[in-house]
Structure formats: C-alpha cells, structure tokens
Amino acid sequence: MRARLSDIARQAGVSEATVSRVLNDRPGVSADTRQAVLTALDVLGYERPERLHKRSAGLVGLIVPELENPIFPAFAQVIESALAQTGYTPVLCTQTPGGVTEDEYLEMLLDRQVSGIVFVAGLHADTTADHERYQRLIDRPMPIVFVNGYAEGIAAPFISCDDKQSAESAVAHLAALGHERIGFVSGPERFRAVQRKLEGYHNAMRRHVPAYDHRSPDELVALTLFGVEGGEVAAGQLLDREVTALVCGSDLMALGAIRAAHRRGLTVPRDLSVVGFDDSPLIAFTDPPLTTLRQPVAAMGNAAVRALVDEINGHAAPRSEYIFPAELVVRGSTAAAPARRVTKQSRIPAA
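Reading the sequence shown from the start, the letters are residues 1 to 351 in this note's numbering.
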C-alpha cells in the first residue's frame, strides 16, 4: 500500500499524506489537489474507493429543436459539459419533424423526476405558441432556463444573443462597403429572434442608406423557412429585385443564398455579398469563407447552467433576460458593392 501511495503521490505531484487524506475522504485538501489525486488514480489504473465514486447530483433535461443546424449541437455540447462539471447528468432531447414534440419530452422528463430543464430555441421563441406550458412548470415548481427566445410574462431566466445588434452590425458592415440594395433573409416572423433581427435591419438601413425611407419596408425582405433550402428560395426572390448584398438569419440560410447566386452564374462576393449568423463550426471553411455574426455559445451556455443550478439550489436567479452581444467576423463572402446598371426596376423614386 505504501508503494501505491508513493506512485500516486509522484503522479499527482503531492505528498503521500495528501494522497492518504484524499483516499480517506478527509477534509483539508483543496478541490484542485483532490482532483489531481483522483486523476492520478485514473491514469495509473487504480480503482477509486467506493466513497470517492462520483455521484450524480440529479438529472437535468436539455431540449433542443434539432441537430442538423450545427449551432444546436454546439450549444448542447457546452451545456452538457457545464452540467457535468456541476455534478448533474444531462438528458438530451432532440426534436425532429414528425417526431417527439416538446410537450411529449416534457412529460418524459417529469416522469424521470429531473431537477431542472434547459430549453434551447424552443416554443418559447415562437410568439404564436401557447406559453402556459412553462407557467405550469414554474407552478410545480420546476427550475427552468431558456436560451435564445423570450416569452412575455414567464418568470424565469432567459439567455439570448443580441439579435437586433447583430443585424445592425451586418448592415453597417455592408453599407461601409458601398452597398445600398441590402436584402434581409430569415425564417418566419412569428419567431422572436426574427422580429428582433428585422427591427435591427430596418433601423440600420434607415441610418446607413439615405434612400431607404423612400422604399416599401418589405421591398428588400424575404421571410421563408429556416435552412439551406429556405435561404435559397428567399435569396432568389431578392436577387430578382437586384440586391447586391444579403443579411441572413442563419449560416445555413446564407449557404442557401450563395447556392442561389451560383445557380444564376453570379460570384460571391464579386456580384453578391452575403452575411450569415451563428458562426457555426466549420463555417469558416466554406467557399468562400462566410462573413457572419458569431454567437457567444460558450458564454451563453455556461450562463444558462449557472442560472439553472442557482434555481435548483434555491438561490433564485433574476427573472429577466440576459443579452449577449454577437461578434462580426469578416471573411471572404463580403466585398465592395459592384457597379450596377440602373434599370426601371431599380430606380429610386423621388421623395
């Protein structure tokens, strides 16, 4: 046993006495030192004493809308990792078209007696959905936290990216490159994030494009389904209206816009500049690399877990919305506005 203590102490860089205190689960050892000794046990192949086996603090539900959009697996990875570090075991629930609904997942999670639930871009983000389901959870009481999406009247922590600011930043970037015919492509307007991006887009267009007030507000806007296909359809509509740049509601929609341009024989960014939103993993390696607004996924995910754990432990987090700024990441999909032939369709009406 003494030789074993010596091996563990050497591997962990601590004294044998410290190793003994850790193995006997005695006080007087810092959390970092305790973790170093436990890691040394694992590395050397020793089985941890039963008293040191990590016990789950409980289950926590994590409901995400789907995994096809890379931003949702990114959120899931951060949130699952943060939950594990606090001792909670995450239960990932992924929705698919025609599959298990959010309400059905809720019933399953409640049956498993979860300690709390994190919702990522769920029905709380849909302004037309019935949000009474969340009030019923709060009344149980069940600790809940929402990521990306805000529902009026629900007393819970909300963690959101600043959608309005992100659209404003995208328009300002394109306007600085000389673009005036800047289109906006996104999903259905019933979603809170789309409403906020649309507000930011209109604000920035009025600020940076002098002739914008003379146009119909919807002239350069195309709202369709989220995803690559939706982005392609919406971009095609706006290319018919001679836009030279597009602000897209997601990176996948931006990829659809680039596909629409290519199918018309246009080159990005020479003929059309495109800005995405999310900065999903691998998006920097598209052709061309996509200019986009980066969601601070790590900061948002960790904030969501901290708020939920506080709720579980009885230290109620403020019932408000925490807004995280997006970062404009300029890559190869945006460039100076091309020279444009003025046609009857593209003339700006006089004031």
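Cβ atoms here follow ideal geometry from the backbone N, Cα and C, with glycine treated the same way. Owing to the predicted nature of the structure, the values given are computational and were not obtained by experimental measurement.
Look at the beta carbons and you see the stretch 287-298 touching the stretch 326-335: at least three pairs across the two are nearer than 8 Å. Leu177 is the residue among Tyr212, Gln95, Leu177 and Gly231 whose C-alpha sits nearest the C-alpha of Ala339.
Rounded to the nearest angstrom, the gap between the Cα atoms of Gly301 and Val147 is 8 Å. Cβ-Cβ distances below 7 Å link Gln165 to Gly200, Pro325 and Ala326 in the same chain, with the five nearest sequence neighbours on each side left out; the list follows chain order. In the DSSP annotation of this structure, the continuous segment of the alpha helix (DSSP H) that includes Glu229 starts and ends at Val228 to Leu239. Counting along the chain, Gly256 sits inside the alpha helix (DSSP H) bounded by residues Asp251 to Arg263. For the set Gly314, Glu80 and Ala257, the Cα lying nearest the Cα of Val228 is the one of Ala257. Taking C-beta separations shorter than 6 Å and ignoring five residues to either side along the sequence, the partners of Ile323 in its chain run Ser160 and Asp162, following chain order. In the DSSP assignment, Leu246 falls within the beta strand (DSSP E) that extends over Ala245 to Cys248. Assigned with DSSP and collapsed to three states, Ala222 falls in strand.
Under the DSSP assignment, Glu327 falls in the beta strand (DSSP E) whose first and last residues are Glu327 to Val329.
For Arg48 against Leu59, the beta-carbon gap comes to about 22 Å, at or over 8 Å, which does not count as contact.
Beta-carbon to beta-carbon, Val145 and Ala304 are separated by about 5 Å, close enough to satisfy the 8 Å threshold.
In the structure shown, Asp126 falls within a strand segment according to DSSP collapsed to helix, strand and coil. Counting along the chain, the unbroken alpha helix (DSSP H) around Gly200 starts and ends at Arg192 to His208. Under the three-state reduction of DSSP, Gly314 is assigned to coil, being neither helix nor strand. The DSSP-derived three-state label of Asp278 is strand. Judged by beta-carbon spacing, Ile71 lies beyond the 9 Å limit of Gln95, meaning their Cβ atoms are not closer than that value. The beta carbons of Val274 and Val268 sit about 6 Å from each other, so the pair counts as a contact at 8 Å. For Glu168, the closest C-alpha among the options Pro157, Gly149 and Ala204 is that of Ala204. Between Leu308 and Asn69, the gap from beta carbon to beta carbon reaches 9 Å or more. In this structure Gly149 is in contact with Ala193, their Cβ atoms being roughly 7 Å apart against a cut-off of 8 Å.
Assignment of beta-bridge partners to Val145 by DSSP yields Val118.
Between Ala298 and Val78, the beta carbon gap of about 5 Å places them in contact (Cβ cut-off 8 Å). DSSP assignment within the stretch 23-83 yields the following whole alpha helix (DSSP H) runs of 4 residues or more, N-terminal first: 31-44.
Boundaries cannot be given for Ile154, as no beta strand (DSSP E) includes it and DSSP labels it neither H nor E.
Contact between Gly61 and Val91 holds, with the beta-carbon distance rounding to 5 Å and staying under 8 Å. Taking each of Ala316, Leu328, Ala261 and Asp310 in turn and checking the Cα distance to Gln295, the smallest one comes out for Leu328. At a Cβ-Cβ threshold of 9 Å, Lys197 and Phe75 do not count as neighbours. Here Glu189 has Gln195, Leu198 and Leu223 as same chain residues with Cβ atoms under 8 Å from its own Cβ, once five neighbours each way along the sequence are excluded. Rounded to the nearest angstrom, the gap between the Cα atoms of Leu174 and Leu282 is 23 Å. Look at Arg306 here: in three-state DSSP terms it is helix.
The DSSP-derived three-state label of Gly87 is coil. Taking a cut-off of 8 Å for Cβ pairs, the stretch 131-143 and the stretch 240-251 do not touch, as fewer than three such pairs fall below it. Rounded to whole angstroms, Arg10 and Leu41 show a C-alpha spacing of 11 Å. The C-beta of Gly122 has 16 or more other C-beta atoms within 10 Å across all chains shown, which makes the residue buried.
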